[in-house]
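Last residue of the sequence shown: 80 (numbering that gives the first Met the number 0), numbering continuous.
Heads up, the thing below is written out as structure tokens.
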Amino acid sequence: MPAQADFDVGDFADRLAAMSDDELFETMQRLEDEREDIRPDERDGSDVFAKITLVETAIEDRFPGQLLARYKDWQQRRAAS
Numbered sequence: 000m001p002a003q004a005d006f007d008v009g010d011f012a013d014r015l016a017a018m019s020d021d022e023l024f025e026t027m028q029r030l031e032d033e034r035e036d037i038r039p040d041e042r043d044g045s046d047v048f049a050k051i052t053l054v055e056t057a058i059e060d061r062f063p064g065q066l067l068a069r070y071k072d073w074q075q076r077r078a079a080s
């Protein structure tokens, strides 16, 4: 998936900050799914990896000291239902 020319890091970070926990986790899941579909020769042109890093940072800021534990718990709850 090629990079989007209009990707604005600040705007994306602001949108993440305004999301509920579920919205943030859903965004992470969607990006992880997108990452799986990116061919190795297209990775340099993709903004998905940068977005994943920003979402990881937002999750860690929201839940200090827990790394991605809340996200992993959310994934397990979704898989169980």
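For every residue, glycine included, the Cβ atom is placed at its ideal position computed from N, Cα and C.
Only a predicted model underlies this, so the values are computations on that prediction, with no experimental measurement involved.
When the Cα atoms are used, what is the spatial distance from residue i to residue j?
i, j, result
"Asp32", "Arg69", "18 Å"
"Gln21", "Arg29", "For the record, residue 21 in the displayed sequence is Asp; it is not Gln. Between Asp21 and Arg29, the C-alpha separation is close to 12 Å."
"Arg42", "Phe62", "29 Å"
"Ala79", "Trp73", "10 Å"
"Asp7", "Arg38", "23 Å"
"Val47", "Gln75", "23 Å"
"Ser45", "Gly9", "17 Å"
"Arg77", "Leu23", "14 Å"
"Lys71", "Ala49", "20 Å"
"Glu35", "Leu67", "19 Å"
"Gln65", "Phe11", "23 Å"
Any heavy atom of the ligand HEM closer than 7 Å to the CB of residue i?
i, result
"Thr52", "Ligands in the displayed structure: none, and consequently the ligand HEM is not present."
Provide the residue span of the alpha helix (DSSP H) that contains residue i, from first to last.
i, result
"Gln28", "20-35"
"Asp60", "47-61"
"Asp72", "68-79"
"Asp13", "8-17"
(Q) I want to know whether the region 11-24 touches the region 37-56 - three or more CB-CB distances under 8 Å. (A) A contact exists between the region 11-24 and the region 37-56.
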